[in-house]
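Have a look at the structure below, then the notes.
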Amino acid sequence: MRLDCCAISKQFGPHQALRNVSVSVAAFQSLAIIGPSGGGKTTLLRIIAGLEIPDAGYLRIDEQPLDFSEASLLLHRRRIGTVFQAYNLFPHLTARENVMLPLVVVHGLSRVEANATVDALFERFQLSRHADRRPAELSGGQQQRVAIVRAIAIKPRFLIFDEPTSALDPEMTAEVLDFIAELRDEGRDLIIVTHNMGFARQVSDQCLFIAEGQVLEAGRSIDVFGRPRNPLLTNFLAKVLRY
Ligand SMILES: Nc1ncnc2c1ncn2[C@@H]1O[C@H](COP(=O)(O)OP(=O)(O)OP(=O)(O)O)[C@@H](O)[C@H]1O
Ligand SMILES: [Mg+2]
Numbered sequence: 042m043r044l045d046c047c048a049i050s051k052q053f054g055p056h057q058a059l060r061n062v063s064v065s066v067a068a069f070q071s072l073a074i075i076g077p078s079g080g081g082k083t084t085l086l087r088i089i090a091g092l093e094i095p096d097a098g099y100l101r102i103d104e105q106p107l108d109f110s111e112a113s114l115l116l117h118r119r120r121i122g123t124v125f126q127a128y129n130l131f132p133h134l135t136a137r138e139n140v141m142l143p144l145v146v147v148h149g150l151s152r153v154e155a156n157a158t159v160d161a162l163f164e165r166f167q168l169s170r171h172a173d174r175r176p177a178e179l180s181g182g183q184q185q186r187v188a189i190v191r192a193i194a195i196k197p198r199f200l201i202f203d204e205p206t207s208a209l210d211p212e213m214t215a216e217v218l219d220f221i222a223e224l225r226d227e228g229r230d231l232i233i234v235t236h237n238m239g240f241a242r243q244v245s246d247q248c249l250f251i252a253e254g255q256v257l258e259a260g261r262s263i264d265v266f267g268r269p270r271n272p273l274l275t276n277f278l279a280k281v282l283r284y
């Protein structure tokens with residue numbers, strides 16, 4: 042896919058979260074966004090997902106400009122699968138009902154169709170035996186896999202992940218990262234914010250380094266990780282790769 046960010050700025054109160062960000066990633070299947078805490082990664086991701094409106098600038102996704110009118114945003118959001126750090130499953134609903142809900146309420150499937158979709162996806166991703174459990178009865182890794190299946194179920198144009206494993210222990214992290222790598226291998230388009238550099242490097246073909254509200258480096262992941270040019274990126278990698 043192709044992503045063009047054109048002069049995007051976003052301010053929260055006195056704080057400038059994104060400063061006139063212009064970057065084009067011409068052809069990617071999996072884009073990693075890395076950088077220090079508070080740098081603006083989530084803000085950019087939320088703008089791409091149509092969940093946040095920039096103060097200035099615009100986006101093009103696959104050459105299609107996104108104007109930020111309410112009508113286009115609604116359509117845009119329905120075409121994207123998003124997965125965030127906290128799994129955001131409804132606690133009172135079973136895994137099955139959590140995945141069915143957007144299919145029925147937002148996408149207009151009948152309950153029979155939605156049930157069939159869930160059955161097929163749970164079977165594929167080895168979640169069938171958890172279908173009738175509520176989130177509290179599932180491990181963090183299982184909950185996150187249900188959240189990912191919920192994002193896939195709507196047949197999104199692409200998937201967005203914001204630190205999908207930061208609430209998980211190492212074993213569950215591996216389980217969820219394997220799952221995301223599998224989605225990449227299936228040919229799905231992904232945009233992933235992660236603090237896990239090994240994973241970012243391995244799973245992404247293109248990478249953006251964001252710090253202080255700016256994209257300070259962009260390019261092939263092999264180059265961004267292998268031959269960083271910006272001194273802030275060099276420092277960042279040295280720091281996070283030390284342990
Ligand atoms: N809704 C908001 N209201 C006020 N300030 C915000 C809001 N969202 C983000 N910010 C501020 O904007 C800046 C960028 O935040 P953002 O969440 O995009 O960073 P990040 O790179 O995702 O950081 P992290 O790695 O810690 O998740 C931060 O200083 C943050 O405090
Ligand atoms: Mg963030």
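Each residue of the sequence shown is one higher than the one before, starting from 42 at the first, in this note's numbering.
Each residue gets a CB set at the ideal place from its N, CA and C atoms; glycine is no exception.
Taking the alpha-carbon of residue i as reference, which of the options has the nearest alpha-carbon?
i    : options                : result
K196 : T135, I94, N61, I121   : I121
F199 : I89, F53, K82          : I89
F166 : E223, V124, I49, A68   : E223
R225 : E253, S78, I193        : I193
I221 : V124, G80, F69         : V124
I102 : L130, C47, R268        : C47
S65  : G54, R261, Q126        : R261
G79  : A127, E164, F53, D108  : F53
T214 : Q126, L231, L116, L92  : Q126
L273 : P77, R283, S63         : P77
G98  : L92, F109, P55         : F109
L116 : E138, D230, E104, L92  : L92
E138 : G228, D210, R175, R268 : R175
R87  : S63, L114, H56, N61    : L114
So is the beta-carbon of residue i under 7 angstroms away from any non-hydrogen atom of ligand 4?
i   : result
G91 : Because ligand 4 does not appear in the structure shown, any question about it cannot be addressed here, the ligands present being ligand 1 and ligand 2.
Under DSSP, the alpha helix (DSSP H) around residue i begins and ends at which residues?
i    : result
I193 : 181 to 194
R225 : 211 to 226
R270 : Unbroken run through R270: none, as it is neither H nor E.
Suppose contacts are defined by Cβ-Cβ distances below 8 angstroms. Is residue i in contact with residue j by that definition?
i    : j    : result
L142 : L150 : no
T206 : N237 : yes
V234 : T83  : yes
A136 : A172 : yes
E258 : R270 : yes
L302 : G81  : This structure does not reach residue 302, given that the chain is present from 42 up to 284, and the question cannot be answered.
F69  : D203 : no
P95  : S50  : yes
A177 : P132 : yes
Q184 : L130 : yes
A157 : G181 : no
V190 : L179 : no
V147 : R170 : no
I251 : L44  : no
F285 : L249 : Nothing can be reported for residue 285: it is not among the residues displayed for the chain, which extend from 42 to 284.
I232 : I201 : yes
V159 : V140 : yes
M42  : D210 : no
On the DSSP letters alone, give me the boundaries of the beta strand (DSSP E) that residue i sits inside.
i    : result
F240 : Taken as a continuous stretch (DSSP letters only), F240 belongs to no beta strand (DSSP E), being part of the alpha helix (DSSP H) at 238 to 244.
F202 : 199 to 203
V234 : 231 to 234
E258 : 255 to 261
L150 : Where L150 is concerned, there is no enclosing beta strand (DSSP E), given that its DSSP letter is neither H nor E.
F250 : 247 to 252
ask   = Could you give the uninterrupted runs of the beta strand (DSSP E) lying entirely in the stretch 48 to 120, keeping only those of 3 residues or more?
value = DSSP runs (the beta strand (DSSP E)) wholly in the stretch 48 to 120: 56 to 66, 71 to 75, 97 to 102, 105 to 107.
- prompt: Should the stretch 235 to 249 be called in touch with the stretch 61 to 78, which here means at least 3 C-beta pairs below 8 angstroms?
  reply: Touching, per the Cβ criterion.
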